[in-house]
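Heads up: the sequence shown begins at 1189 in this note's numbering, then just goes up one per residue.
All C-beta atoms, glycine included, are put in the ideal place defined by N, C-alpha and C.
See below for the structure under consideration.
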Amino acid sequence: MVALSLDRKEYHILRSFPGIGDATACRIIGELGDIRRFKNAKQLNAYVGIDIMRYQSGNTQYRDRINKRGNKKLRKILYFMIFSMISLRKKGQNHIVDYYDKLKKQPQRKPHKVAMIACINKFLKVAFHLISHNIPYDYEIASTHS
């Protein structure tokens, strides 16, 4: 599977992220397909199933949740990918791990799973931009723009 992905630009862009290995990059490409078919990152989030679903009636607004209507396998792959990025934070600088730390250390701390889904959202936005413009990941550029 890795040999088939070596000639794809998406593979090399995903591999440029610290914490993404050969197998993870191949699985993301396999589940996602061509990322350029989405017009924007919001459509990509909806495909994965992490877009926000709001319940409200009149003046009452209930707790926000993720939609979960998207690709269940891809959502699971991305969740464990972010988990491994956080676990391997000493291997290289990653602005997604910095974002996770920021969410966990705010005055009102976010729960672990909420912070993980927020990191998946951020990763998808960055990956969509990088793949659309054919740019490899660079911590210095990503940290100044986020």
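Minimum C-alpha distance to residue i - residue among the options
i            : options                : result
residue 1303 : 1226, 1214, 1253       : 1253
residue 1259 : 1235, 1278, 1251       : 1235
residue 1229 : 1312, 1332, 1291       : 1312
residue 1307 : 1280, 1239, 1295       : 1239
residue 1196 : 1221, 1272, 1293       : 1221
residue 1291 : 1279, 1280, 1274, 1278 : 1274
residue 1310 : 1287, 1227, 1211       : 1287
Residue j beta carbon less than 9 Å from that of residue i
i            : j            : result
residue 1330 : residue 1283 : yes
residue 1223 : residue 1323 : no
residue 1193 : residue 1213 : yes
residue 1217 : residue 1202 : yes
residue 1276 : residue 1206 : yes
residue 1256 : residue 1237 : yes
residue 1219 : residue 1261 : yes
Span of the alpha helix (DSSP H), counted from its first residue to its last, around residue i
i            : result
residue 1231 : 1229–1236
residue 1201 : 1197–1203
residue 1192 : 1190–1193
Buried or exposed by the 16-neighbour rule on C-beta atoms within 10 Å, applied to residue i
i            : result
residue 1198 : buried
residue 1264 : exposed
residue 1285 : buried
residue 1243 : exposed
Quick one: which unbroken alpha helix (DSSP H) runs of 4-plus residues sit fully inside the stretch 1218–1305? Chain order, please. If we require 4 residues or more, the alpha helix (DSSP H) runs fully inside the stretch 1218–1305 come out as 1229–1236, 1260–1275, 1283–1292.
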